[in-house]
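Residue numbers (UniProt numbering): 1 to 630. C-beta atoms are modelled at their ideal positions from N, C-alpha and C, and glycine is treated no differently.
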Amino acid sequence: MGDSVGDYRAAYHRSLTEPDAFWLDAAGAIDWTTPPSRALDASAAPFYRWFPDARLNTCHNALDRHVDGGTGGDRVALIYDSPVTDSKASYTYRELRDEVAVFAGALASLGVTRGDRVIIYMPMVPRAVVAMLACARLGAVHSVVFGGFAPKELAGRIDDAKPKVIVAASCGIEPTRVVAYKPIIDDALAVTAHQPDHVVITQRPEQTAELGPRDIDWDTLVESARPHDCVPVDATDPLYILYTSGTTGRPKGVVRDNGGHAVALAWSLKAIYDIGPGDVFWTASDVGWVVGHSYIVYAPLLAGATTVLFEGKPVGPPDAGVFWRVISEYGVKALFTAPTALRAVKRVDPDARLVRDHDLSRFRTLFLAGERLDPETYHWATEKLGVPVVDHWWQTETGWPICANLRGLEPMPLKPGSPTVPVPGYDVRVLDESGNPVPAGQEGAIAIKLPLPPGTLPTLWGDDERYKQSYLSTFDGYYLTGDGGFIDEDGYVHVMGRTDDVINVAGHRLSTGAMEAVLAAHPAVAECAVIGVHDSLKGQLPRGFVVLKAGVEVHEDVLRDELVAAIRRDIGPVAAFRDVSVVAGLPKTRSGKILRKTMRGIADGRDEPVPSTIEDPGVLDALRPVLKRP
């Protein structure tokens, strides 16, 4: 890959006009048991498949080939840094390969084979990575559930994925408290129709779990386990399921295949992030999210780089300089995190005095994604760190960036508020309500012309019809991103926000519909609405509005506490739901649809026009003072 002018344009054009040739070239970076003879299979469109006649093993590509090649076995694969437990560790490619092979054998001894599902419910510890790669080694399908999710959310994923085994830790550790995981798992399994054969628990010293009849201690299990070889699978076989919020109560299981995923991530790490063998890449996210799957675990290891696994928060312990300490200590070349992390640091250390305590001479680029990068944060980070601050945009569904400034292919001028240009493979369009392209600078729905590139979701787990209805039904021949925005005259994409009722809290996509279902279940609530409003730290926060049933007498503070507790119980603390108001009525259209978009606009300080379809303008007028309240 060069960096001459025109590299991006040539690559982008070729990826759309000659996708087979483009992606077969990219596939050369992967070891195949059976190499692909063709890239795209469109025979079952809109269910496109990539590398349909190829076979491989993703774990082999992430670990074994670096060891077997004789050059990379002693290179550091994984650095673990945990300020919340004051512990650190590192693993070479050989050491990580050996641990993964043994745990794969342990899972195989429990009956896990190719195609079986394994749910992983773990914090940011090395064994979470080991468990993911062990599943890939066996050809099993892992589904990582973020450790902050409540029993109800976990239960929904168990019933959908139907795992043979659950792998978990005894607890997660927050800066101020220890969160016991085993009671959450037990509560979830008490209500699920599906029951796993076994639950494997890794005991953490901060809090151990009491084990029941089907529970197995990780250490005990691996004592008698034999290392397991990599199992070749079809490129089109699923590697993992990752659940994302749906607007109904049922989670959507995004499927990731093996072949397209490996090719796309290996290509993207060099082309977008400019990371290669031996470089240190730190993605400050969680393995429970897609960012953690793609850029903590798989892409760096596929490329032979060193990845940092960080268990902690951006503002401590010990202080708001922990990010700069990690970058300095390990020689991090690029950091990828969410804008909310930078805003948290800026709030505590606005002058970035703590940056001066650390040597950032090897630091080259700060990548931000997960939510819109506000210009204020962009300018602050650019000034204080002295490196390019690169916004890029993608989704759980795509698995890797849709739009980016490709630092390893052709770095381009940065524009605050834009993730720059479409990445090769993504034919990005902005459409009006009729599905027609809009002129440059005009806002519309951002859509991607089919087929999507390799590494993106081929469907939803067990539900092809829901995949079509959720993403492909709005505009014929297009994938609907659910985001609105525009493309300017320079071809830069500007993503302005969600067009549906999924909100983005600190990079976590959460369904307002699911929150409304929790509020509506309260016996005092007649109807309700939840909207996402702008927040300077987290990007968006949910605000709830409830109308009481006639004749109900309840103190508003008591009701608020009960509703907040219910959201925490059923959705999880990650929702950051703390603001709920009792109102006389909710504004609706004549057909009965609550005007959430109008409410959002008023709450965010915009002069929102009143829709002509409104049933009673007086209801909205009465609500305005509450919506405008800071």
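By the 16-neighbour rule on beta-carbons within 10 angstroms, H13 is exposed. Rounded to whole angstroms, L335 and E223 show a C-alpha spacing of 37 Å. Contact between G312 and S82 holds: CB atoms are separated by about 6 Å, below the 8 Å threshold.
In the structure shown, A514 falls within a helical segment according to DSSP collapsed to helix, strand and coil. The alpha-carbon separation between H358 and G148 amounts to approximately 32 Å. L189 has its alpha-carbon roughly 53 Å from the corresponding atom of D490. D391: not part of any alpha helix (DSSP H); member of the beta strand (DSSP E) spanning 389-391, first to last residue. Nearest to A404 by alpha-carbon distance, out of Y121, D186, Y492, is Y492. For C528, the CB contacts under 6 Å within the same chain, skipping 5 residues up- and downstream, are E516, L519, A520, V546 in chain order.
Under DSSP, S82 forms a beta bridge with S87. Separation of the CB atoms of L242 and V165 is rounded to 18 Å, and the pair is thereby denied contact status at 8 Å. By a beta-carbon distance limit of 8 Å, L107 contacts A134. Their separation comes to about 6 Å. Judged by DSSP in its simplified three-state form, K164 adopts coil rather than helix or strand. Three or more beta-carbon pairs drawn from the segment 253-264 and the segment 56-64 are found closer than 8 Å, and the two stretches are therefore classed as touching. Taken in chain order, the whole alpha helix (DSSP H) runs of length 4 or more contained in the segment 87-172 are 93-109, 126-138, 151-161. Beta-bridge partners assigned by DSSP to G539: V505, D535. Of all C-beta pairs linking the segment 268-284 to the segment 462-472, fewer than three are shorter than 8 Å, placing the two stretches out of contact. Annotation: the continuous alpha helix (DSSP H) that includes W267 extends over 259-271.
By the Cβ neighbour-count rule, H555 is exposed, with fewer than 16 other Cβ atoms within 10 Å of its own.
Assigned with DSSP and collapsed to three states, H379 falls in helix.
When the alpha-carbon of R214 is set against those of E206, Q207, I201, the nearest one is in I201.
Measuring C-alpha to C-alpha distances from A305 to each of L457, I184, L63, T481 identifies L63 as the nearest.
Its Cα nearest to that of G572, the residue A514 stands out among F486, A514, D488.
For P238, the beta-bridge partners assigned by DSSP are D257. Around W393, the same chain offers I402, C403, P419, V495 as residues with beta carbons nearer than 6 Å, after the five sequence neighbours per side are excluded. Between I503 and P19, the alpha-carbon positions lie close to 33 Å from each other. Here F323 is near V345, since their CB atoms are less than 8 Å apart. Per DSSP, G601 lies in no beta strand (DSSP E) segment; the continuous alpha helix (DSSP H) that holds it begins and ends at 596-603. Taking a contact to require three or more Cβ pairs closer than 8 Å, the segment 225-234 and the segment 364-378 do not qualify as touching. Taking C-beta atoms as the reference points, S285 and T340 fail to come closer than 8 Å. DSSP links C59 through a beta bridge to no other residue. Shortest Cα-Cα distance from D160 to any of H142, S170, T176 involves H142. Residue burial annotation: G507 is buried, with at least 16 other C-beta atoms found within 10 angstroms of its C-beta. Shown here for D279: same chain residues with a beta carbon closer than 6 Å to its own, the five before and five after excluded, namely A305, K333 in chain order.
Shown here, P19 sits in a helix according to DSSP, grouped into three states. P437 carries a strand assignment under DSSP once its states are collapsed to helix, strand and coil.
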